[in-house]
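Plus 126 on top of the position in the sequence shown (first one is 1) and you've got the working numbering. Just so it is clear, CB atoms sit at the ideal spot from N, CA and C, and this is done for glycine as well.
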Amino acid sequence: MGKRKEESFSNPGLHKRPRQEYADESNDELDEEELSELQSDSNSSSQSTSGEVGIIESIQLKNFMCHSMLGPFQFGSNVNFVVGNNGSGKSAVLTALIVGLGGKATTTNRGSSLKVFVKDGETSADVSITLRNRGKDAFKPEVYGSSIIVTQHISMDGSRSYKLKGKTGTLISSKKDELTAILDHFNIQVDNPVSVLTQEMSKHFLQSKNEGDKYKFFMKATQLEQMKADYSYIMQTKSRTHEQIEQGVGLLQDLRQHFVEKEERYKSIAFVNETEKEMKPIKDSIDIEEGRTEKYDQKLKEWQVKVNEAEEKYKAIQDKLEKISEEAQALQPQCVCLKADVQAKRKAYNETEAHYNRSRTELKRLEKDDEQLRKRIEELKNSADQVSESEKLERQKKIDQLKEQLKIIHDQEVMMVQEMDQFQQAVYKSKEEHARLQREELDVKQALDSKQRQLKELADSKTNRLKRFGQHMPVLLEEIEGAYRKGHFKYKPIGPLGAFISLKDAELTLAVETCLKSLLQAFCCDNHHDERTLQTLMSKFYSSGYRPQIIVSRFLNEVYDVRPRAVHHPEFPSVLTALEIDNAVVANCLIDMRGIETILLIKSNPKAREVMQSKRPPKNCREAFTAEGDQVFERRYYSSDNTRPKFLSKDVEAEISHLQKEVENKMAQLSTSQHRLRSNENETRQNEDYLNRRRRQQKELQMKIRRINIEIADLENVEEHQSVDISTLEDEAKENKHKMESVKRDMEQQRGKMEDSKIILRVAEHKLEEIKEKLHQVEEIASPVKDELSQADLEVEKSKHHWQHYEEKQKEHLASIKKLKGELAAKEKELKEKIAQATQICPQRIEVNRTVKSLDTEMNRLRDQINSKRDHHGNREEIIKQLIEAKDKYQDAEGKVKNLKKFIKLLDQIMTQRYKMYQQFRRCLTLRCKFYFNFLLCQRSYSGKMSFDHKNETLSITVQPGDINKAALNDMRSLSGGERSFSTVCFILSLWSIAESPFRCLDEFDVFMDMVNRRIAMDMMLKMADSQRHRQFILLTPQSMSSLPTSGLIRILRMQDPERGQTMLNFQRRHQEEEED
């Protein structure tokens, strides 16, 4: 805002945050926590950018009200002041904005019909409004462009028509529905007083002394009024639906009674021979099933014999294994005892050996001390009493020579250290390279193992396609089939899903596999009970982290109708249309889990990028896959790690050939990697040898340095006069020899004990090895017996399985016979009833063994009886037709009543939740409005209070000018005109801060203000506009606004003074026409 001091007045919006519910909906007081949160929201807002959508760019009027031509007015994106004298057209611009965007004439408070806005003497009026349409929230930018021009033509008869044009002026639509869609998209509400506040609306609501009018204004501005009206309408609809249900229940009883009567009437005319015909196939089925009973009994006996034989064989092998186990158990205690004995003897031997080693070490130490004592005595005996001068010079010369030699050795050591560092670095690098080569070799080995497994699975799949989905898949499916036959599943699980699909185009195989991934090996269950049973079966073959996925989805016999949400492209198929799926459950599962109806398959990578990224993706398209398996989104692209399909390829031989080549390549890579690894190891070993050699040489040099230093120290420390006590050293040497002899005797004793312990230990170890060998022989004998036992156990299980299979078949067979006999008995009972009914119609049943003449006579008699009964009961076809109609009506009414009851129950739940949210939303808006109102009053050191009474629907506002205690707050009616106008502006700004709309229009907001209040109110509005640059503000005032600062955000539109005779509209002349309209 140029040179103005920047202050941010935020519009915090409706931040969602968890809060407790309040039972008393009228309690809207601000507590400390809410106040601090609102204040932090207010202070933390940042400057927003200018509005992108929905703001007014320009308005042009023609023959509107008393103006032949106004505009076009070019509005700025933030603050716009429309200034001019009364009658210059300010209010006409505001009225045209309401009418031009579809508002009713009554909303403007300037007439009840649109025809009053046509200028006298003209046949029509035109209003043209240009709305901004930019950014990511633009409305159909590819159609309209960056602006939408709304043109309205108003005829003399009060009718109007619309023309919606794009940026270039091209006509796009002329429908009111399109304009409504645009206004809804931009959140424009011309009938909302927060968006457009006219003078009349302001006088009616804001200047009104009625607290109910202010409350209505608040409700209308925040759209709570519309929400409340919607809620009331829904509750009325609910009441009407309740009445319909009550009426439907009564009607349902009548329809049921009518249906029962028709059904009884139909049953009374049934024929006996129909029942007899129904009984014949039942009797035939019973005869056939009873004939099969002997076959099932025979099969059960055969398999019972096989079960007994297998169990006897199993018992014999088990007895044999138990004997062998008893032998092993008998040897086990001996083995344990011998093992403990060996451990004890080894411990004794180790102790003796340790004692011997300690004595030997002590002897070596004593021998070393003895040698040192002898040398010392010899040196002392040979030393002279005095040392001559020549000997000193000779000793000094020798010291100098030794120091020179020491310097040379030091230099050699420095060079040696440098060489060692070089070799050490070479060793480190070689080891790093060795680790890298080992990882590379491991990766190649793993890849080779994987390729070899795939090759084996492919080779096995030539005879069994299911092995392509895993080595254990065929066995797992057999287990599932067996469990299903035993009744462990309610519905047989379906899987693997990949076995039920095939491709129409083989080139898309890799794309489909990359899309579906692990779903190809997945199984589908109808319910969670079946899922748990299947998990138990899978645990026999798969570990927990590697078992196939299990999907729980209700089994349906028909594929979902996905046409409304599926992607349709004229050139490329979706995954759903590219597959041939044999099972509706599989298709529905893939639709639910992967959305295959919304994924395109595009063979070419560049074409896929063009379709998905160069422009907007096709409708309903989420992603696409290429023939190479790459995944393409609107703004992302992922390359596939796979190069060949694994599960769905039809040409198995080609896949085997390709895998064989890959295996050969991997083996060549492995050979190369191993060769490089060996070369690296040789190089590392050679460098380590060089390094160790240098270390040894370094140690030798260090030893030379120490010897020279010692020699120099000895030469420097020679005393010229020595007092030698040789006798003391000789005594010490004798004592040392005695100790040596004692230690030698002890060593001999320990050596003898050690040899004895060693012999005893070898004997114990030999015995232990013999026992272990016997145990090993017993285990070798037991191993094949265990295999035989396992085989016998499998035979027993197999025989029991077959026996149980035929036992279940026999039970099903007997149950079927029982069921048929039950049906036969029911039919016989029914037949008796029908015969009784027929007897009432015709007491005597006619046998067919009479002459033709007598039969003709009898037929005529019966025909007469039939006609008489038909006259009594009615025509049979007519009765059946009436029965079907009555049944259909009853079922239809019953379904409607059930659906209505479900609807009412669901509606109660929804409306309870919605009303609770409505109360929370209303309370949030109330608190925010109070906060902003108090905040704005503080700008002029006012104090005030807003009190909402939602129960009585009133809003009272009390304001006190100056720094006075809030206890002295007065009603707004006691304020001066300027103070009341300033308070009203604060109220409007607080509503602006809690309502959403791209623009706000306010007509003559400062008309009753003095200069001080006008300046403060203006400053507050400009601060708000500066903090909400994404919104547009259009303010109408008769003031000149010359004191406003220069800013790129403020635009002043000055209206020309009105022409004579056109300063007011002649509404009286058209009063009659308005009443007629």
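Alpha carbon to alpha carbon, what distance is there between residue 748 and residue 761?
Residue 761 and residue 748: Cα-Cα distance of roughly 11 angstroms.
CB residue 475 to CB residue 900, shorter than 8 angstroms?
No. Outside cutoff.
Considering only C-alpha positions, which residue in the set 1166, 1035, 1159 is nearest to residue 1176?
The option with the nearest alpha carbon to residue 1176 is 1159.
First and last residue of the alpha helix (DSSP H) that includes residue 204?
Careful: residue 204 lies outside any alpha helix (DSSP H) and carries neither H nor E.
So what's residue 1177 in DSSP terms, helix, strand or just coil?
Reduced to three states, the DSSP call for residue 1177 is strand.
Can we say the stretch 271-282 touches the stretch 197-205, given the rule of at least three CB pairs closer than 8 angstroms?
Not touching, per the Cβ criterion.
Can you look up residue 157 in the DSSP assignment and give me helix, strand or coil?
Since pLDDT at residue 157 reaches only 49, below the 50 mark, its modelled position is unreliable, and no value is offered.
When the Cβ atoms of the stretch 713-733 are set against those of the stretch 599-610, are three or more pairs found closer than 8 angstroms?
Because the criterion of three Cβ pairs below 8 angstroms is not met, the stretch 713-733 and the stretch 599-610 do not touch.
State the Cα-Cα distance for the pair residue 682 and residue 652, rounded to the nearest angstrom.
Taking the straight line from one Cα to the other gives about 9 angstroms.
Could you tell me whether the stretch 258-270 touches the stretch 237-245, using the rule of 3 or more Cβ pairs below 8 angstroms?
The stretch 258-270 vs the stretch 237-245: no contact.
Spell out the partners DSSP gives residue 543 in its beta bridges.
Answer by DSSP bridge pairing: none, since residue 543 is not bridged.
Just the Cα atoms here: how many angstroms apart are residue 1234 and residue 828?
Past the edges of the chain, shown from 127 to 1203, lies residue 1234, and the structure says nothing about it.
Would you check if there are 3 or more beta carbon pairs closer than 8 angstroms linking the stretch 633-652 to the stretch 566-584?
No, they do not touch.
Using beta-carbon positions only, say whether residue 1125 and residue 180 come within less than 8 angstroms of one another.
A contact, by the Cβ cut-off of 8 angstroms.
Measure the beta-carbon distance from residue 534 to residue 830 and round it to whole angstroms, keeping in mind my assumption that it falls under 8 angstroms.
That belief does not hold up - the Cβ atoms of residue 534 and residue 830 are roughly 10 angstroms apart, past 8 angstroms.
What residues in its chain sit with their C-beta under 6 angstroms from that of residue 1184, if we drop five residues either side in the sequence?
Counting only Cβ-Cβ distances below 6 angstroms, and skipping sequence neighbours, we find 213, 214.
Note down, in chain order, each residue of its chain lying with its Cβ closer than 8 angstroms to the Cβ of residue 915, except the 5 sequence neighbours on either side.
Around residue 915: 440, 443, 444, 447.
Leaving out five residues on either side along the sequence, give the residues of the same chain with a beta carbon under 8 angstroms from the beta carbon of residue 546.
So the list reads 817, 820, 821, 824, once near-sequence residues are dropped.
Considering only C-alpha positions, which residue in the set 338, 1118, 733, 354 is nearest to residue 319?
Answer by Cα proximity: 1118.
Quick check: the stretch 428-439 against the stretch 926-942, are there 3 or more CB pairs under 8 angstroms?
With a cut-off of 8 angstroms, the stretch 926-942 and the stretch 428-439 count as touching, because enough Cβ pairs lie within range.
For residue 762, which of helix, strand or coil comes out of DSSP?
Residue 762: coil per DSSP, three-state reduction.
Start and end of the alpha helix (DSSP H) containing residue 224?
Where residue 224 is concerned, the enclosing alpha helix (DSSP H) stretches over 216-226.
Closest by CA to residue 933, which one among 423, 1182, 489, 626?
Ranking the options by Cα distance to residue 933, first place goes to 423.
Rounded to a whole number of angstroms, what is the C-alpha to C-alpha distance between residue 1204 and residue 959?
The requested residue 1204 does not occur in the structure, where the chain is confined to residues 127 to 1203.
Please report the straight-line C-alpha distance between residue 788 and residue 577, rounded to a whole angstrom.
C-alpha separation (whole angstroms): 7 angstroms.
Are the CB atoms of residue 725 and residue 751 nearer to each other than 8 angstroms?
Cβ distance < 8 angstroms, so residue 725 and residue 751 count as in contact.
Could you say which of 554, 731, 892, 1071 lies nearest to residue 811 if we only look at CA atoms?
The residue with the shortest Cα to Cα distance from residue 811 is 554.
CB residue 1044 to CB residue 357, shorter than 8 angstroms?
Taking 8 angstroms as the Cβ cut-off, residue 1044 and residue 357 qualify as a contacting pair.
Check for me: the beta strand (DSSP E) holding residue 288 runs from which residue to which?
Residues 286-291.
Quick one: grab the DSSP three-state call for residue 297.
Residue 297 falls in the strand class under three-state DSSP.
From residue 591 to residue 313, what does the alpha carbon distance come to, in whole angstroms?
Approximately 60 angstroms, taken between the alpha carbons.
Tell me which residues share the same chain as residue 286 and place their Cβ nearer than 7 angstroms to its Cβ, disregarding the 5 neighbours each side in the sequence.
Hits under 7 angstroms: 240, 278, 279, 280.
Can you tell me the Cβ-Cβ gap for residue 705 and residue 606, rounded? I've got them flagged as a contact below 8 angstroms.
Rounded, the Cβ-Cβ distance is 24 angstroms, inconsistent with contact.
Pick helix, strand or coil for residue 250, following the three-state DSSP scheme.
DSSP places residue 250 in strand when its eight states are reduced to three.
Using CA coordinates, which residue listed in 625, 597, 675, 861 is at the minimum distance from residue 667?
Per the Cα distances, 597.
Residues in the same chain with beta-carbon distance under 7 angstroms from residue 709, minus the five sequence neighbours each way, listed in chain order, please.
Closer than 7 angstroms at the Cβ level, and outside the excluded window around residue 709, lie 620, 626.
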